[in-house]
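In the working numbering, the protein residues as written are 516 to 784.
Single-structure report; data block below.
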């Protein structure tokens, strides 16, 4: 990387998905060329945990989180929670396993089984508390019950509310509970009026950057596969909403991410 180049961390990707099978190495190399130094891979079902761990073991730019995603509720078997706890214990102390996630509540999907989602959510909150790992949360139309649950579970290291699209008041509650606010391509769309109002109000020390690749494509690459390669431009557009330079926002988000995951800043920047 060129000396003085702005550095980024993509805190939320699904680079193990088949969307990247044809050119994954090229995507990673180009993202690195653009300054994206580290990328987090999300565990969403028991079936993808080993796949992402294999990727992490073979590439020092990649880090893993393990979780059970609420959208895939019907795919989670009776033993998956036990297997998740065992995997977290297996990787305890390994810096490559840096969080529990992606998990949470999703009331946007058709006919959500709220009771089963809640049980799965709270079981993973307890695992994050026990493992003293950050929690990477998926929250859609469910901020109130998520915030209520977080108040009952003491997560020493907080976490990230991924793809945040709530109100300023909801963001403030998460921040009080030790969470960072994950921002990505959704806020680049002109119709994201509420986010355009909320983002300038958020304290800089609470923000982290993400893409959710291959999903949540930004407005400048509509209906295409999203990628960590888009993160620098996403950062620039978010910075413009906040009235600051892209370099200022990138530097602050880099600091925030390293602080959350207990990574030495010098190792990334």
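For glycine and all other residues, C-beta sits at the position ideal for the given N, C-alpha and C.
Looking at the structure shown, is residue i part of a helix, part of a strand, or coil, going by DSSP?
i: residue 583; result: coil
i: residue 459; result: This structure gives no information on residue 459, because the portion of the chain shown stretches from 516 to 784.
i: residue 650; result: strand
i: residue 635; result: helix
i: residue 698; result: strand
i: residue 516; result: Low local confidence applies: a pLDDT of 36 at residue 516 is under 50, so the model's placement there is unreliable, with the coordinate-based value given in what follows. Residue state, collapsed to three classes: coil.
Counting only the same chain and skipping the five closest in sequence on each side, list residues whose C-beta sits under 7 Å from that of residue i.
i: residue 638; result: 596
i: residue 564; result: 558, 581 and 602
i: residue 456; result: This structure cannot speak to residue 456, because the chain is shown only from 516 to 784.
i: residue 534; result: 729 and 740
i: residue 517; result: Any reading at residue 517 must be qualified, since the residue scores a pLDDT of 38, below 50, and its modelled position is unreliable; no value is offered.
i: residue 679; result: 686, 696, 697 and 698
What does DSSP give as the partner residues of residue i in its beta bridges?
i: residue 612; result: 579
i: residue 528; result: 556 and 728
i: residue 625; result: Paired residues: none, contrary to the question.
i: residue 749; result: According to DSSP, which records beta bridges pairwise, residue 749 is partnered with nothing at all.
i: residue 523; result: 551
i: residue 620; result: 654
i: residue 675; result: 651 and 695
i: residue 722; result: 696
Would you report the Cα separation of residue i and residue j, rounded to the nearest angstrom?
i: residue 716; j: residue 593; result: 43 Å
i: residue 722; j: residue 631; result: 30 Å
i: residue 575; j: residue 554; result: 10 Å
i: residue 521; j: residue 781; result: 13 Å
i: residue 691; j: residue 665; result: 11 Å
i: residue 623; j: residue 707; result: 17 Å
i: residue 652; j: residue 677; result: 6 Å
i: residue 684; j: residue 537; result: 42 Å
i: residue 577; j: residue 611; result: 8 Å
i: residue 771; j: residue 703; result: 21 Å
What does the Cβ neighbour count give for residue i, buried or exposed, with the cut at 16 atoms within 10 Å?
i: residue 696; result: buried
i: residue 669; result: exposed
For residue i, collect the residues of the same chain with a Cβ closer than 6 Å to its Cβ; drop the 5 residues on either side in sequence, then sort them by chain order.
i: residue 667; result: none
i: residue 591; result: 583
Whose C-beta lies closer than 8 Å to the C-beta of residue i among residues of the same chain, with five residues either side of it excluded?
i: residue 528; result: 554, 555, 556, 557, 725, 726, 727, 728 and 743
Does at least one heavy atom of the ligand SAH sit under 7 Å from the Cβ of residue i?
i: residue 552; result: By its list of ligands, the structure shown contains no ligand whatsoever, and the ligand SAH lies outside what it can speak to.
Just checking: is the beta-carbon of residue i within a distance shorter than 8 Å of some beta-carbon in chain B?
i: residue 712; result: Reference to chain B is not applicable here, since this structure consists of a single protein chain.
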